[in-house]
Every structure is written in structure tokens, then in C-alpha cells.
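A.B. asks:
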Amino acid sequence: MDGVHIAIGPGDDGRIVLVDPADPAAPLAVVDPEGLAGAVAELEPRSPRWVWSSTRSWYPRLLDAGARVERCDDLALGAAILDHSADTAAARAADGDESPAWLERLRQAALDPVAPGAASETAALFELGDFSHADESAGHPVAEPGIGEVLAEHARQQRLAAASARPRAMRLLLAAESAGALIGAELHAAGLPWSRAVHERVLEEELGARPRAGAKPARMESLAAEVRLALDAATVNLDSQVDLLRALRLAGIQVDSTSRWELREHDHPAIEPLVAYKKLARLASANGWSWLDEWIVDGRFRPDYVPGGTATGRWATSGGGALQLPKLVRRAVVADEGWTLVVADAAQLEPRVLAALAHDERMAEAARGRDIYRGIVDAGVVETRDQAKVALLGAMYGATTGDSGRLVPRLARAYPKAMALVDRAAAQGERGGVVTTNLGRSSPMPPETWRLAQQRASQPDASAIDERRARSVARDWGRFTRNFVVQGSAAEWALCWMAGLRTRLARFEPAGRAASRSGPVFEAVPHLVYFLHDEIIVHTPAEHADAVGAAVEQSAAEAGRMLFGDFAIDFPLDLSVVDSYALADA
DNA sequence: CGGCGCGGCGCC
DNA sequence: AAAGGGCGCCGCGCCG
């Protein structure tokens with residue numbers, strides 16, 4: 004089904020071997036590291052699936068050299084799935100081979116932060132031509148496995164996928180995960196177009212002029228003075244939680260924390276300027292001038308994406324806070340001249356995924372069209388859209404108290420299949436079991452604290468406190484597994500969506516008129532520049548915007564079919580074509 | 001001095 | 001407004 008594979012890895016002499024795993028005795032090429040990109044480009048027209056230890060180790064250098072690949076098999080990411088999936092448990096027990104140790108080293112390296120703009124940034128994961136003498140203790144570079152080890156691991160993973168409980172689903176998951184790895188590297192290489200001027204304007208509007216190094220912005224200083232006056236606390240340090248809490252209490256404001264939502268419940272002249280101060284402090288420290296200096300290079304934001312970086316399969320990022328860009332600074336995401344942004348997000352992705360996972364036809368019916376919450380109201384389950392929303396989120400997150408907890412039972416009566424699915428997942432987690440996503444990613448085992456708490460509660464002399472504690476810890480883990488199946492399956496949908504879109508974008512003809520500043524691989528073609536769980540941005544020559552929008556829609560529909568077959572569930576998108584991210588309306 | 005846990009808060 | 005799940009980053013303050 005899969006066509007030709009070509010594995011890449013260092014040979015004994017440090018040169019790089021490119022070889023078809025089906026014909027390991029006859030390498031297709033043996034090249035010096037400098038010759039790798041050329042060799043890959045030469046073989047790429049055969050549409051191979053490139054097999055390598057990890058995309059992070061190999062692909063950035065290829066992109067730097069102008070070589071893009073269509074498909075790969077990322078062994079580090081594949082092992083993370085295969086070695087823990089319930090669907091491969093029997094296959095692993097039957098298979099003699101262990102997961103090799105080098106995979107764990109690569110996994111650790113993937114989580115190490117890489118300094119932005121560092122000269123050797125993209126090559127930092129290992130030294131070219133020095134695979135065998137890598138110094139592990141220094142973090143980088145990491146010892147690369149030799150070509151023989153790569154071939155052996157590839158064979159092991161093929162065996163496990165073939166012998167898994169659902170081979171088709173597992174192969175799709177592995178392919179999607181690997182496509183995600185390619186996309187993560189390409190997002191970094193292309194970068195998110197970023198206007199320093201617009202960002203500076205936002206900062207000046209909010210904070211005032213850039214302060215000298217070490218000083219606080221003027222707007223923050225004046226708000227701090229107001230707070231100190233209102234609290235009658237001339238020296239309180241607003242950045243110190245301990246200090247601030249004491250001052251608030253001395254001023255008669257009985258709070259247990261300094262969080263915004265708790266402050267807002269009190270009526271006192273200090274509250275408004277304090278909340279305003281906190282908002283500005285957050286902006287200044289997270290996305291202020293020093294963030295700009297550190298992260299925006301040549302008009303691009305290049306965060307370090309970590310595909311598969313979380314337990315559920317959602318991505319993580321390391322450095323730059325790319326997945327937490329405040330709405331306020333999204334104004335600075337601006338397309339190049341002659342280019343535009345196609346911004347799309349999947350509307351209410353997780354409830355729709357839940358309906359499909361559970362084959363809950365009534366919930367799928369409510370999800371028909373644009374707004375599932377409105378659909379739930381129209382079905383007479385609750386009175387208002389807001390009630391539908393908190394009830395549904397409560398069902399997926401395991402809320403037991405408050406408005407949400409009270410509304411969940413009504414949802415359960417109307418949508419018993421969906422509710423049963425998340426309740427089963429929660430029950431499984433509470434007793435320490437594992438749950439599995441739509442395609443086969445399994446949840447981790449519960450933490451040590453879970454085991455200890457249950458053990459203590461089962462002793463003959465266990466106290467009521469021990470038992471309460473054990474139930475509480477169990478329920479915590481149950482909420483995690485409850486959410487895991489939905490969040491993890493939604494992450495799979497997003498990967499399939501994005502992978503399909505990437506393939507479609509690769510077929511666009513280069514645009515003649517305007518080159519972007521996205522580097523040699525992307526300067527003339529539409530390309531992904533951002534991904535945020537259920538949202539993407541494509542940077543495209545303006546003339547292709549409509550066609551890109553169509554490709555985004557087609558990819559979403561295709562992802563739904565790939566994951567859920569004939570089950571009738573819509574995945575509508577909110578899609579806009581805009582010059583600035585802030586103008587996209589979700 | 002660096003490492004680390006915590007509170008708080010940004011995003012989904 | 002949060003709540004209930006997943007994250008990363010910041011500053012603070014404690015520790016060795």
C-alpha cells in the first residue's frame with residue numbers, strides 16, 4: 004500500500020547511507036553530509052517514504068538546503084505511539100525485539116529548548132560527520148543511530164503496526180504523526196510573518212514608551228502607584244504574590260489568592276488598577292520588547308514546534324510561547340506584500356469528535372450545520388446556548404459542580420451514547436486503566452501518586468482521610484482519561500486535516516509576481532505558517548487565496564471521512580482571507 | 001549562582 | 001466568571 008521506502012542513517016565511516024529497506028545490501032547512495040540534500044532531492048521524484056530516526060534530526064538541514072520531502076516515517080514519534088498503545092499490546096508481547104535505547108535519547112532531545120536565531124540552530128541536534136563521537140552529557144549533539152539500527156527499528160515498527168488490533172487505523176496514525184513532524188519543521192523554516200512595527204505600536208498603546216533596560220513601562224508604574232495609594236501600602240511589590248496578598252488583607256480585602264477572578268468579586272478602589280496592572284505585566288513579560296528582540300528575526304516568528312509533544316498527541320512548543328499568542332498581539336501577524344493569510348479553525352471540534360467517536364446520531368444531528376450549541380437548544384435539551392456550551396464542556400472535562408455540573412445530567416439524558424463514552428473513559432482511568440483514541444494512541448499509566456494513594460486506602464488500618472484522598476486522586480485521573488479520548492482524537496483529526504492540506508498546497512504552481520520572505524522552499528507557493536490545535540494559517544500569494552480556501556475545506560471534509568468513515572458528522576470551518584491575523588473572525 | 005515549585009495567566 | 005481537561009512561560013522565593 005505504501006510504495007517505496009528509503010531509510011537514511013550514518014554508516015560505519017560517518018558517511019550517510021540511503022537505502023531501500025527491501026534491498027538493504029544495495030544502497031541507493033552513500034554521500035557525505037554536505038551531499039545529502041542533493042541526494043534526497045534526486046530521489047524524491049520516486050515519492051518515497053523517507054525513514055529516519057527523527058524528523059528533528061534530519062529535516063531542518065534538508066529544508067535549509069532547499070530540499071522538501073513529501074512523506075516520511077519518523078521512528079522516534081512512531082515508537083512513542085507503538086510502544087504504549089493498547090492496540091499493540093499483544094503484538095509487543097509476541098515480538099521479541101525491545102524498543103532501542105536511542106529512541107529515548109532522541110525523545111529527550113526533542114524537548115530541549117533550542118535558542119532562537121542561533122547560528123547553528125537547525126543543525127544543532129547533531130554534528131554532521133561526527134555521529135559516532137557525540138557527547139550525550141552535553142545535551143547536544145545527540146548520538147545518531149547507525150543505518151543498521153534505523154533499518155532494524157523500522158522493521159520492528161512495521162511488524163507492530165501490521166500485528167496491531169487495528170492495522171489500518173494504526174498506519175494512518177503513524178502516517179499522520181510523521182506528516183505532522185514534517186509540518187512542524189516546515190512551519191519553523193517558513194516562519195510566521197511578523198510585523199515588528201505593528202507589534203511595537205501595540206506595546207506603546209498599551210504600555211507607553213519602551214522603558215530603559217530594567218525599568219518598568221510608564222503605564223505600569225502609574226497603575227502600581229494607584230494601587231499602593233488605594234491599599235495604603237507604599238512599598239508593596241505587586242509582582243510578589245505573598246507581598247500583595249498580605250497588603251490586600253491588611254486593606255480589608257479578604258481574598259485567598261491574587262488571581263483576577265477572585266479579585267473581581269470584591270469592591271474596592273484598588274481592584275480595578277490592580278487588575279489592569281496584572282494585564283499589562285503579563286503583556287510586558289510574555290510578549291513585550293524583549294520577546295520581540297529575542298523571537299522576531301527578519302520579519303518572522305520561528306517557534307520550535309514539538310509535534311506529539313503532549314500525552315494526548317497535541318503539539319507542544321518550546322520557547323516563544325507560540326501556542327499562547329495573546330489576541331492582542333495577533334495584529335502583528337501580517338502577510339507579505341502581494342500575499343495574504345488564509346486563516347481557518349474547526350468550529351467546536353471536540354464536541355463533534357465526541358459525537359462521531361460515540362456514534363451518537365442525535366448529537367451528530369445537533370451538530371449539523373454551524374453551531375452545535377444552538378442545535379442542542381433547538382433539540383429542547385437546555386434553554387440557552389450558553390447552557391449548552393457549559394454542559395457540553397462539563398461533560399468532556401468532567402465537571403461535577405457549579406452550573407456545568409448541574410446541567411450535565413440533562414445532556415446525558417438527551418445524548419446517552421456520547422455521555423456513556425466519556426463516562427466509560429473516566430471509569431477506566433479511575434481504576435488505573437488505559438484509554439485509547441480513535442486511531443490508537445493510548446493514555447499513559449497513572450502517576451505514582453495514584454498507586455500510592457490506592458495502596459494506602461486499601462490497607463486494613465486506612466483512615467477516612469486516606470480513603471477520601473484515594474477517591475480524589477482516582478477522580479483526578481478519571482477526568483484526565485475522560486478528556487484524553489476526546490482531546491486525543493481531535494488532535495488526530497487536526498493532523499489529518501493539516502496533512503491533507505499540506506499535500507494539496509504542494510501541488511500549487513509557483514506564483515510569478517511576488518516572492519515572500521519565507522526562504523527558498525516557500526518563497527513562491529502557498530505554505531502553512533501556523534498551527535494551533537484546531538486552527539491553521541496559510542500564507543499565500545493573494546491570487547491563490549480562493550483556491551487555498553477550497554483546499555482547506557476539502558482537507559477538512561477528507562479528514563472527517565478518513566477518521567469516521569460513513570458516520571454522518573460535519574466539521575465546518577470558520578475561514579477568512581485577511582491581511583492580518585487579528586482580522587480573522589472565528 | 002542555578003534549579004525548582006508555585007501562583008498566575010495566556011492559548012486551545 | 002470559572003468550573004472541568006491539555007499545555008508553556010513568567011516572576012518570585014526558597015533551597016543547596
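In this text, residue positions in the first sequence follow my numbering: the first is 4, and each later residue adds one. Glycine is no exception: its CB is placed at the ideal position from the N, C-alpha and C atoms.
#1: Output the distance between the C-alpha atoms of L247 and G291, rounded to the nearest integer angstrom.
#2: How should G120 be labelled, buried or exposed, when 16 other C-beta atoms within 10 angstroms of its C-beta is the threshold for buried?
#3: Does DSSP put G12 in a helix, a strand or coil?
#4: What does the alpha-carbon distance come out to for the pair V580 and E495?
#5: Use the C-beta contact count for V69: other C-beta atoms within 10 angstroms, 16 or more gives buried, fewer gives exposed.
#6: Could you give the DSSP three-state label for D235: helix, strand or coil?
#7: In the DSSP assignment, find the beta strand (DSSP E) that holds A319 and state where it starts and stops.
#8: Select from P412, R478, G383 the residue whose C-alpha is nearest the C-alpha of L396.
#9: Write down every uninterrupted run of the beta strand (DSSP E) in the stretch 195-250 whose length is 3 residues or greater and which is fully enclosed by it, in chain order.
#10: By alpha-carbon positions, which one of P148, A155, R71, C75 ends up nearest to E101?
#11: Using three-state DSSP, classify Y418 as helix, strand or coil.
#12: Would W318 and F534 qualify as a contact pair, given that the criterion is a beta-carbon distance under 8 angstroms?
#13: Would the stretch 314-328 count as touching the stretch 543-560 if we require 3 or more Cβ pairs under 8 angstroms?
#14: Taking three-plus beta-carbon pairs below 8 angstroms as touching, is the stretch 281-301 in contact with the stretch 500-512?
#15: Determine the DSSP secondary structure at R570, reduced to helix, strand or coil.
#16: On the DSSP letters alone, give me the boundaries of the beta strand (DSSP E) that Y584 sits inside.
#17: What residue ranges within the stretch 276-357 form continuous beta strand (DSSP E) runs of no fewer than 3 residues, ordered along the chain?
#18: Here's a check: name, in chain order, each residue in its chain whose Cβ is nearer than 6 angstroms to the Cβ of V258, leaving out the five neighbours to either side.
#19: Going by DSSP, what residues sit across from T439 in a beta bridge?
#20: Can you tell me where the alpha helix (DSSP H) holding V380 begins and where it ends?
#21: Between which two residues does the beta strand (DSSP E) harbouring L78 extend?
#22: Work out the CA separation of P63 and L189 for me, nearest whole Å.
#23: Take A417 and list the residues in its own chain whose beta-carbon comes closer than 6 angstroms to its own, dropping the five residues that flank it on each side.
#24: Is there contact here, the stretch 268-276 with the stretch 213-230, by at least three beta-carbon pairs under 8 angstroms?
#25: CA-CA distance, D26 and H157?
#26: Excluding five sequence neighbours on each side, which residues of the same chain lie with their C-beta closer than 7 angstroms to the C-beta of S452?
#27: Which residue marks the beginning of the alpha helix (DSSP H) containing H157, and which one marks its end?
#28: Is it buried or exposed, H269, if we count other Cβ atoms within 10 angstroms and call 16 or more buried?
#29: Taking the continuous beta strand (DSSP E) assigned at H530, which residues delimit it?
#30: Which of the three DSSP states is assigned to E526 in this structure?
#31: For the structure I just gave you, are there three or more beta carbon pairs, one from the stretch 301-311 and one from the stretch 191-210, closer than 8 angstroms?
#32: Can you round the beta-carbon distance between F487 and V438 to whole angstroms, since I take them to be within the 8 angstroms contact cut?
#33: Looking only at its own chain, which residues have a Cβ that is under 8 angstroms from the Cβ of D90, when we skip the five neighbours before and after it?
#34: Based on DSSP bridge pairs, tell me the residues matched to T543.
#35: CA-CA distance, A40 and L531?
#36: Compute the Euclidean distance between the alpha carbons of L163 and L175, then round it to the nearest angstrom.
C.D. replies: A quick look at the data gives this:
#1: As a first step, residue 247 must be located in the first sequence, where it is residue number 244. As a first step, residue 291 must be located in the first sequence, where it is residue number 288. When rounded, the separation of the alpha-carbon atoms in L247 and G291 is 23 angstroms.
#2: In the first sequence, the residue the question calls residue 120 occupies position 117. Residue placement at G120 is poorly supported in this model, since its pLDDT is 44, which falls under 50; the coordinates are not used for a value here.
#3: To locate residue 12, count along the first sequence from 1; it is residue 9. DSSP places G12 in strand when its eight states are reduced to three.
#4: Along the first sequence, read from residue 1 onward, the residue named residue 580 stands at position 577. Along the first sequence, read from residue 1 onward, the residue named residue 495 stands at position 492. Taking the Cα positions, V580 is about 25 angstroms away from E495.
#5: Indexing the first sequence from 1 puts residue 69 at position 66. Val is not the amino acid found at residue 69; the sequence shown has Gly there. Residue environment analysis places G69 among the exposed positions, since fewer than 16 neighbouring C-beta atoms fall within 10 angstroms of its C-beta.
#6: The sequence position of residue 235 within the first sequence is 232, counting from 1. DSSP, read as helix, strand or coil, puts D235 in coil.
#7: What you label residue 319 is simply residue 316 of the first sequence in a count that begins at 1. 319-321 is the span of the beta strand (DSSP E), which, as asked, contains A319.
#8: Indexing the first sequence from 1 puts residue 396 at position 393. Across the set P412, R478, G383, the C-alpha of P412 shows the shortest separation from the C-alpha of L396.
#9: With a minimum length of 3 residues, no continuous beta strand (DSSP E) run stays inside the stretch 195-250.
#10: Working through the first sequence from its first residue, we reach residue 101 at position 98. Looking at the Cα atoms, A155 is the closest of the given residues.
#11: Position 415 of the first sequence holds residue 418. Here DSSP, grouped into helix, strand and coil, assigns Y418 to coil.
#12: What you label residue 318 is simply residue 315 of the first sequence in a count that begins at 1. What you label residue 534 is simply residue 531 of the first sequence in a count that begins at 1. Between W318 and F534, the C-beta spacing is below 8 angstroms.
#13: With the cut-off at 8 angstroms, the stretch 314-328 and the stretch 543-560 do not touch.
#14: The stretch 281-301 is not in contact with the stretch 500-512.
#15: Residue 570 sits at position 567 when you count from the first residue of the first sequence. First, the residue type needs correcting, since residue 570 is Phe and not Arg in the sequence shown. Coil, per DSSP.
#16: As a position in the first sequence, residue 584 is number 581, starting the count at 1. Premise fails: Y584 is in no beta strand (DSSP E) and is neither H nor E.
#17: Runs of the beta strand (DSSP E) inside the stretch 276-357: 307-309, 319-321, 342-349.
#18: In the first sequence, residue 258 corresponds to position 255, counting from 1. Here V258 has L251, E265 as same chain residues with Cβ atoms under 6 angstroms from its own Cβ, once five neighbours each way along the sequence are excluded.
#19: Taking the first residue of the first sequence as position 1, residue 439 is located at position 436. Partner(s): S445.
#20: Translated into positions along the first sequence, residue 380 becomes position 377. 375-381 is the extent of the alpha helix (DSSP H) around V380.
#21: The sequence position of residue 78 within the first sequence is 75, counting from 1. For L78, no beta strand (DSSP E) encloses it; the enclosing alpha helix (DSSP H) starts and ends at 78-85.
#22: Along the first sequence, read from residue 1 onward, the residue named residue 189 stands at position 186. Along the first sequence, read from residue 1 onward, the residue named residue 63 stands at position 60. The sequence given here places Glu at residue 189; Leu does not occur at that position. Straight-line spacing of the CA atoms in E189 and P63 works out to 8 angstroms.
#23: Mapped onto the first sequence, residue 417 falls at position 414. If the five residues before and after A417 are omitted, its C-beta is found closer than 6 angstroms to the C-beta atoms of V384, all from its own chain and listed in chain order.
#24: Because the criterion of three Cβ pairs below 8 angstroms is met, the stretch 268-276 and the stretch 213-230 touch.
#25: Residue mapping note: residue 26 aligns to position 23 of the first sequence, counting from 1. Residue mapping note: residue 157 aligns to position 154 of the first sequence, counting from 1. It is roughly 14 angstroms from the alpha-carbon of D26 to the alpha-carbon of H157.
#26: Here residue 452 is taken as the residue at index 449 of the first sequence, counted from 1. Sequence inspection shows Thr at residue 452; the Ser mentioned does not correspond to that position. Answer for T452: V476, listed in chain order.
#27: Reading the first sequence from its first residue, position 154 is the one you call residue 157. First-last of the alpha helix (DSSP H) with H157: 150-165.
#28: One-based indexing of the first sequence puts residue 269 at position 266. The residue in question, H269, is exposed, as its Cβ has fewer than 16 Cβ neighbours within 10 Å.
#29: As a working mapping, residue 530 is identified with position 527 in the first sequence. Where H530 is concerned, the enclosing beta strand (DSSP E) starts and stops at 530-534.
#30: Stepping through the first sequence from its first residue, residue 526 is reached at position 523. Look at E526 here: in three-state DSSP terms it is coil, with no helix or strand label.
#31: With the cut-off at 8 angstroms, the stretch 301-311 and the stretch 191-210 touch.
#32: One-based indexing of the first sequence puts residue 487 at position 484. One-based indexing of the first sequence puts residue 438 at position 435. At roughly 6 angstroms, the Cβ-Cβ gap stays under 8 angstroms, so F487 and V438 are in contact.
#33: The count along the first sequence starts at 1 and reaches residue 90 at position 87. Cβ within range, chain order: S167, A168, R169, A172, M173, T439, G443, S445.
#34: If you number the first sequence from 1, residue 543 lands on position 540. Looking at the DSSP assignment, T543 forms a beta bridge with T343.
#35: Here residue 40 refers to the residue found at position 37 of the first sequence. Here residue 531 refers to the residue found at position 528 of the first sequence. Taking the straight line from one Cα to the other gives about 22 angstroms.
#36: Position 160 of the first sequence, counted from the start, is the residue given in the question as residue 163. Position 172 of the first sequence, counted from the start, is the residue given in the question as residue 175. L163 and L175 have their C-alpha atoms some 14 angstroms from each other.
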